[in-house]
Amino acid sequence: MRIDDQFLLGLANLWRMKLRMILTTLGVAIGIGALVSMVSFGIGMQKNVTDAIRENDLFTSLTVTGQEIDIQSAMQGNIEGVIESFQAEAPLLNRDALEKIQSLDGVEIAFPEIVFPVKVRMGNEETQTTLRALPASMGQFKPFNEIPYGHFFASDSASLVLLNPSVLKELKRVVKDPENPVALSWEDSARGVRSVSADSILGKEIEIITSVIDVSKIMQNPLNYLNTTTGRPFREAVTPFRIGGLLKEPSEFSDSRFISGVIAPIGRAEEIPQLGFTSVRDLFDPSGDTEGYGAFYVRVRRTQDLDRIQEKIEEMGYNTFSIMEQLDEIKKGFIILDTALGTIGIIALFVAALGIINTMVMSILERTREIGIMKAIGGSENEIKGIFFFEAGAIGLIGGIFGLILGWIVTRIANVVANYIVTQQGGPVVDYFYMPIWLLLGAIGFSIFVSLLAGLYPAMRAARVDPVEALRHD
Amino acid sequence: MNTEDSLNPILRIQKIVKNYHKGSIQVQAVQSISFDVSKSEFITIVGRSGSGKSTLLNLVGGLDRATSGHLFVNNADLTKMKRSELALHRRQTVGMIFQSFNLIPSRTALENITLALAFGGMKRRDRKQKASEILSRVGLEHRLDHKPGELSGGEAQRVAIARALANEPDILLADEPTGNLDSKTSIEIIQLLEKLNQKQHVTILMVTHDEELAKTVSHRILHLFDGKIVHQQILRRIS
Ligand SMILES: Nc1ncnc2c1ncn2[C@@H]1O[C@H](COP(=O)(O)OP(=O)(O)O)[C@@H](O)[C@H]1O
Ligand SMILES: [Mg+2]
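In the order they appear, the protein sequences are chains W and Z.
Quick note: to get the working numbering, add 77 to the position in the first sequence (first position is 1).
Quick note: to get the working numbering, add 3 to the position in the second sequence (first position is 1).
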């Protein structure tokens with residue numbers, strides 16, 4: 078008897094016990110369905126994160142910061158170590174350092190992180206937000222190479238700003254997108270937010286208002302400078318700009334180094350009078366020349382240069398941080414997540430496997446005589462084993478296929494529900510589940526494997542049926 | 004116990020013993036039986052219920068193992084065979100029929116035969132043709148697609164005979180083939196066996212209660228009592 082005969086006999090047996098086999102197969106289908114939907118969620122999350130990182134071009138950049146406190150020493154109560162790390166000659170993140178980093182081979186752009194709170198005024202409307210300074214050269218990179226309205230500024234000294242949609246909304250304007258019309262919410266309409274065309278916004282004048290210390294006022298009344306009658310020692314500085322473009326709403330994976338209500342050209346932004354918080358001395362230094370910056374943004378030409386450049390910068394005595402470095406950790410995290418999710422599915426599948434064992438042992442007990450007959454007409458132990466083994470395998474295959482269908486339906490429904498809830502709260506539409514082909518094939522393979530494993534014992538029992546005992550007439 | 008052709012027997016049984024253990028009690032089902040069966044011989048074993056007839060047949064059929072002794076079929080010793088070799092023996096060398104027919108109830112007459120052919124290793128596309136051929140040889144060409152439950156006792160036993168012969172065995176073993184049949188049908192079945200023996204020279208080892216019916220067709224009759232052969236009747240020569 079050939080293998081295909083054993084397979085067909087196994088199938089025929091399944092067909093004969095329809096209801097019982099359907100229930101057993103359903104058990105497997107549920108197990109596989111649970112497994113694929115769980116794991117596809119983990120994979121979907123991972124894909125969304127890595128896609129977003131890639132989308133936002135985070136693989137080619139790093140952040141440079143000054144020397145940090147030796148946290149490990151602090152945790153271990155090693156006060157001396159902490160003090161030592163403070164006293165260590167920490168190089169400043171100043172212009173010299175920036176020039177040195179810029180001149181490193183493979184560095185595309187390097188610029189200091191400049192961000193400070195501002196008030197924005199457009200017409201009669203005002204709002205608080207932050208202003209971030211970027212060089213014009215960032216215009217060729219994501220997300221600034223594809224801004225929805227207007228253009229990224231062409232020069233570092235241009236008097237143009239880019240606005241975030243949320244800031245625009247605070248200024249009571251929403252851009253009408255003819256392709257994707259969004260109805261204003263009731264609250265927004267009540268507040269007086271108006272839907273306008275992008276053209277009517279672009280080029281519009283906008284004032285950036287910053288607070289600066291009025292040293293003369295402190296001198297007038299040094300002991301009571303908060304006295305409101307004499308006026309606070311602050312003064313508002315107004316810098317006029319025009320709106321050069323409108324940005325996309327940042328997603329949760331957007332590079333946080335670029336998120337800001339207002340983005341202005343770096344040269345022009347540095348001229349805006351402001352309170353510097355980097356050093357107390359700045360407060361009294363009317364030149365406004367800062368001693369150092371908080372951080373540098375460095376972008377390399379090629380991802381593979383990142384490690385080398387990162388090392389070089391660390392040799393200079395700075396701290397660096399890159400997403401690339403974090404990616405391995407992220408991947409490890411996802412493996413743990415996938416394993417945890419997969420375990421739930423695997424447990425369901427093993428319960429189903431017990432069902433297979435139960436069903437098959439039952440059917441073997443009922444079919445003892447038939448097995449005896451097969452032996453009497455020449456069936457070998459291996460052939461009989463094979464028939465029952467294929468029966469189990471077929472349960473695994475059919476259960477696996479139905480499990481995939483079930484898993485697919487479940488994840489589609491879950492996706493719709495999740496997106497409904499998330500978008501209600503203003504989140505983006507995302508596919509939370511992802512079923513790569515390897516998951517589908519792997520799940521079917523695993524289903525067959527587990528089913529065959531479950532069939533091992535029943536098949537062995539079938540093969541060991543004593544024909545004399547089985548055929549003794551009753 | 005000699006036969007005319009004892010020099011070249013198809014089956015040689017030597018001092019075969021089979022003991023069963025029922026708890027602490029030992030049942031000696033077969034006690035040192037020896038005899039030879041020649042090619043084309045129709046040999047019948049009679050004896051009371053419990054005398055060890057079925058046990059002996061199961062030993063020859065390779066369904067059971069002897070406690071001691073030797074069983075040569077075509078000069079191969081069954082008592083020395085591995086389990087897989089015994090399966091091969093059951094498939095190729097012997098064909099068995101039983102009192103209770105032992106057909107697979109969920110399969111049609113034809114499918115019961117094709118299953119045996121499948122075990123025999125025949126290609127799938129040839130099986131149906133061969134199965135219906137064998138069924139018409141036992142006069143059942145009109146019952147191919149009937150399930151065993153839809154057949155009369157005589158018809159069911161014919162299907163069983165056809166199945167036993169499907170892989171062209173050297174010996175047909177029949178354990179009380181008429182035990183469940185009325186006397187008219189019993190005669191028909193015995194005549195079918197006789198025809199197979201006479202025309203196709205099938206060697207037959209049959210067990211029966213019905214000594215009178217056996218006398219009409221057998222070459223030899225062995226009388227079994229308490230697991231021993233107590234008497235032998237030679238009725239006619241092998242033609
Ligand atoms: N599997 C078994 N276990 C124990 N005793 C058995 C077994 N098979 C048969 N016997 C005993 O062996 C004896 C012969 O049985 P059997 O060969 O079936 O007799 P027959 O076929 O002549 O009626 C009986 O006493 C029977 O009870
Ligand atoms: Mg008997």
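Ideal Cβ placement from N, Cα and C applies to all residues, glycine included.
Small disclaimer: the values here were computed from a predicted structure and weren't measured.
Among W:T102, W:L474, W:L383 and W:D82, the one whose alpha carbon lies nearest that of N435 of chain W: Along the first sequence, one-based indexing puts residue 435 of chain W at 358. The candidate whose alpha carbon is nearest that of N435 of chain W is W:T102.
Can you find a heavy atom of ligand 1 that lies under 6 Å from the Cβ of S35 of chain Z? Reading the second sequence from its first residue, position 32 is the one you call residue 35 of chain Z. No.
Helix, strand or coil: how does DSSP classify F84 of chain W here? The residue you call residue 84 of chain W lines up with position 7 of the first sequence. Of the three classes helix, strand and coil, the one that applies to F84 of chain W here is helix, per DSSP.
Excluding the 5 residues flanking G369 of chain W on each side, which residues of the same chain have their C-beta closer than 6 Å to its C-beta? If you number the first sequence from 1, residue 369 of chain W lands on position 292. Closer than 6 Å at Cβ, skipping near neighbours: L169, L170 and N171.
Please indicate yes or no: does the CB of K56 of chain Z lie closer than 6 Å to some heavy atom of ligand 2? The count along the second sequence starts at 1 and reaches residue 56 of chain Z at position 53. Yes, the Cβ of K56 of chain Z comes within 6 Å of a heavy atom of ligand 2.
Under 7 Å, Cβ to Cβ, is there at least one residue of chain W near R94 of chain Z? Sequence index remark: in the second sequence, residue 94 of chain Z carries index 91 (1-based). Judged by the 7 Å Cβ criterion, R94 of chain Z is in contact with chain W.
Contacts that G123 of chain Z makes with chain W (C-beta to C-beta distance below 7 Å): Against the second sequence, residue 123 of chain Z aligns to sequence position 120. Going along chain W in sequence order, the residues near G123 of chain Z (Cβ under 7 Å) are G455.
Give the residues from the region 97–108 of chain Z that approach chain W closer than 7 Å (Cβ to any Cβ), ordered along the chain. M99, F101, Q102, S103, N105 and I107
Within 7 Å of any Cβ in chain Z, is that where the Cβ of M78 of chain W sits? Working through the first sequence from its first residue, we reach residue 78 of chain W at position 1. So yes, M78 of chain W belongs to the interface.
Please state whether DSSP places L238 of chain Z in a helix, a strand or coil. Locating residue 238 of chain Z in the second sequence gives position 235, where the first residue counts as 1. Coil.
Helix, strand or coil: how does DSSP classify A69 of chain Z here? Translated into the one-based positions of the second sequence, residue 69 of chain Z becomes position 66. Correct three-state label for A69 of chain Z: coil.
Closer than 9 Å at the beta carbon, the chain W residues around A90 of chain Z: Locating residue 90 of chain Z in the second sequence gives position 87, counting from the first residue. The answer, in chain order, is K452, G455, G456, S457, E458, N459 and E460.
Assess contact between the region 263–279 of chain W and the region 241–249 of chain W, defined as three or more Cβ pairs (one per stretch) separated by less than 8 Å. Is contact present? yes
Does the beta carbon of S43 of chain Z come closer than 7 Å to any beta carbon on chain W? Your numbering for residue 43 of chain Z matches position 40 in the second sequence. Not closer than 7 Å to any Cβ of chain W, the Cβ of S43 of chain Z fails to qualify, so no.
Classify N201 of chain W as buried or exposed, calling it buried when 16 or more other Cβ atoms lie within 10 Å of its own Cβ. Walking along the first sequence from the start, residue 201 of chain W turns up at place 124. Exposed: under 16 other Cβ atoms inside 10 Å.
Is the region 115–133 of chain W close to the region 500–519 of chain W, with three or more CB pairs under 8 Å? yes
Range of the contiguous beta strand (DSSP E) that encloses E55 of chain W: Nothing about residue 55 of chain W can be reported from this structure: the residues present for chain W run from 78 to 551 only.
Indicate whether at least one CB of chain W lies closer than 7 Å to the CB of S189 of chain Z. Translated into the one-based positions of the second sequence, residue 189 of chain Z becomes position 186. By this cut-off, S189 of chain Z is not an interface position.
Chain-ordered chain Z contacts of L548 of chain W [CB-CB under 7 Å]: Walking along the first sequence from the start, residue 548 of chain W turns up at place 471. Neighbours of L548 of chain W on chain Z, chain order: F101 and N105.
Compare the C-beta of L176 of chain Z with all C-beta atoms of chain W and state if any pair is closer than 7 Å. Locating residue 176 of chain Z in the second sequence gives position 173, where the first residue counts as 1. Output row for L176 of chain Z: interface = no.
Within 6 Å: the Cβ of S52 of chain Z and any heavy atom of ligand 1? Position 49 of the second sequence holds residue 52 of chain Z. S52 of chain Z Cβ: within cutoff of ligand 1.
CB-CB under 6 Å to A429 of chain W, same chain, minus the five flanking residues each way: which ones, in chain order? Translated into the one-based positions of the first sequence, residue 429 of chain W becomes position 352. Only G104, V105 and G108 meet the Cβ criterion.
Give the single residue among Z:K25, Z:V40, Z:R93 and Z:L113 whose Cα lies nearest to the Cα of S457 of chain W. Working through the first sequence from its first residue, we reach residue 457 of chain W at position 380. Closest by alpha carbon: Z:R93.
What does E447 of chain W touch in chain Z if you count any residue whose Cβ is under 7 Å from its own? Numbered from 1 along the first sequence, position 370 holds the residue referred to as residue 447 of chain W. Ordered by position in chain Z, the residues that pass the 7 Å Cβ test against E447 of chain W are I107.
With 7 Å set as the bound, which would you pick, yes or no: does the beta-carbon of V545 of chain W sit closer than that to a beta-carbon of chain Z? Translated into positions along the first sequence, residue 545 of chain W becomes position 468. At least one chain Z Cβ lies under 7 Å of V545 of chain W.
Can you list the residues of chain Z that R93 of chain W reaches, using a CB-CB cut of under 8 Å? Reading the first sequence from its first residue, position 16 is the one you call residue 93 of chain W. Result: S109.
Residue ranges of each alpha helix (DSSP H) run of no fewer than 4 residues wholly in the region 424–493 of chain W, ordered along the chain? 445–453
Are the Cβ atoms of A469 of chain W and I423 of chain W separated by less than 7 Å? On the first sequence, residue 469 of chain W is found 392 positions in, with the first residue counted as 1. On the first sequence, residue 423 of chain W is found 346 positions in, with the first residue counted as 1. No, Cβ-Cβ distance for A469 of chain W and I423 of chain W is not below 7 Å.
Give a single yes or no on whether Y23 of chain Z has its beta carbon closer than 6 Å to a heavy atom of ligand 1. Taking the first residue of the second sequence as position 1, residue 23 of chain Z is located at position 20. Yes, since a heavy atom of ligand 1 falls inside the 6 Å radius drawn around the Cβ of Y23 of chain Z.
For A210 of chain W, the three-state DSSP class (helix, strand or coil): What you label residue 210 of chain W is simply residue 133 of the first sequence in a count that begins at 1. Strand.
Does the beta carbon of S135 of chain Z come closer than 7 Å to any beta carbon on chain W? Counted from its first residue, the second sequence places residue 135 of chain Z at position 132. No, because no Cβ of chain W sits closer than 7 Å to the Cβ of S135 of chain Z.
Who are the Cβ neighbours of A314 of chain W in its own chain at under 6 Å, not counting the five residues just before and after it? To locate residue 314 of chain W, count along the first sequence from 1; it is residue 237. Here the set comprises T287, V289 and P350.
Quick one, which of W:E460, W:V251 and W:E282 has its alpha-carbon nearest R268 of chain W's? Indexing the first sequence from 1 puts residue 268 of chain W at position 191. Out of W:E460, W:V251 and W:E282, W:V251 has the C-alpha closest to the C-alpha of R268 of chain W.
Could you tell me the alpha carbon to alpha carbon distance between F101 of chain Z and L548 of chain W, rounded to whole angstroms? To locate residue 101 of chain Z, count along the second sequence from 1; it is residue 98. To locate residue 548 of chain W, count along the first sequence from 1; it is residue 471. When rounded, the distance between both Cα atoms is 9 Å.
Can you find at least 3 beta carbon pairs, one from the region 28–36 of chain Z and one from the region 196–203 of chain Z, that sit closer than 8 Å? no
With 7 Å as the threshold, decide whether the Cβ of D67 of chain Z is near any Cβ in chain W. One-based indexing of the second sequence puts residue 67 of chain Z at position 64. D67 of chain Z counts as touching chain W.
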